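Residue numbers (the numbering used here): 66 to 316. From the three backbone atoms N, C-alpha and C, an ideal C-beta is built for every residue, glycine too. Small disclaimer: the values here were computed from a predicted structure and weren't measured. So the structure is just underneath, and the comments pick up after that.
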Ligand code: SAM
């Protein structure tokens, strides 16, 4: 799966492929990341790629022509019709469903905005989808591109321990419940009580453990993200035992 990032700061992509579990996606050639310096497509000796917006207003806009030349070069290098994603606060909110969809494709061209954004005509002609990380404003599209790449890389076969992604939050539409590790008992802090690991986790009863995990996930999701419970119900992913448990919760 090939990704091409068009950016003013290609160095921002240097560290991430070398670290953590997602490094395996690169070492195994499951993901290829090509970085394109937008300034290489400028027309003048100053390598200028931005200018003031027509109609006035603060800040600068990324010029259409260098972007068009960069996109043409990427297209020629790829030789396919991969989607062009532009990172933008006005885009579709990135979620696990979109990550899964993109993880099943052949990759994408990642257009990283800077300054006040990108000349609209480039978006109109070439952008397949605008993607937002959330309702806040960042300085550039590089961090959103890395977030998307990370989420896609961990879904590639062989990157995570088998079965691990299926237990993560959003895999089945719910948040993942709490996790515990050693020691079984944390000694009390002054004025407090010791903290024990829930007994079911040490019991060895697989069916009870599975039910407990499901109930914890349902409880956490119902408290923090009732919208996800409503979506799971509408999609028929809650069974009678889930509904009984949800009715017992004081929300
Ligand atoms: N003037 C733009 C606006 O108000 O929507 C913000 C531009 S921002 C300073 C510069 C670039 O950062 C954007 O072009 C985009 O590529 C990226 N960016 C900023 N916030 C983002 C977000 N929430 N999601 C995705 N990309 C974002």
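- Secondary structure of residue 244 (DSSP, three-state): coil.
- No heavy atom of the ligand SAM is found nearer than 7 angstroms to the CB of residue 246.
- Contact between the segment 240-251 and the segment 175-194 is absent, with fewer than three C-beta pairs closer than 8 angstroms.
- Going by DSSP, residue 74 is part of no beta strand (DSSP E) at all; its letter is neither H nor E.
- Take the alpha-carbon of residue 133 and the one of residue 287: they are about 46 angstroms apart.
- The way I'd put it, the segment 192-206 does touch the segment 147-161; three or more beta-carbon pairs between them come closer than 8 angstroms.
- Taking a contact to require three or more Cβ pairs closer than 8 angstroms, the segment 108-126 and the segment 136-154 do not qualify as touching.
- Distances taken from the Cβ of residue 229 to the heavy atoms of the ligand SAM include none shorter than 7 angstroms.
- In the three-state reduction of the DSSP assignment, residue 134 falls in the helix class.
- Assigned with DSSP and collapsed to three states, residue 102 falls in strand.
- Taken from the Cβ of residue 153, at least one heavy atom of the ligand SAM lies inside 7 angstroms.
- Proximity of the beta carbon of residue 179 to the ligand SAM is indicated: a heavy atom of the ligand is located closer than 7 angstroms.
- Counting the other Cβ atoms within 10 Å of the Cβ of residue 259 gives fewer than 16, which makes it exposed.
- By the neighbour-count criterion, in which 16 or more other beta carbons inside 10 Å mark a residue as buried, residue 253 falls on the exposed side.
- One Cα belongs to residue 299, the other to residue 217, and the distance between them is close to 27 angstroms.
- C-alpha of residue 100 to C-alpha of residue 75: approximately 6 angstroms in a straight line.
- Rounded to whole angstroms, residue 220 and residue 169 show a C-alpha spacing of 9 angstroms.
- Within the chosen limit of 7 angstroms, the ligand SAM reaches the beta carbon of residue 204 through at least one heavy atom.
- One thing to note: residue 95 has its Cβ no nearer than 8 angstroms to the Cβ of residue 73.
- With a cut-off of 7 angstroms, the C-beta of residue 111 is classified as distant from the ligand SAM, since no heavy atom of the ligand falls inside that distance.
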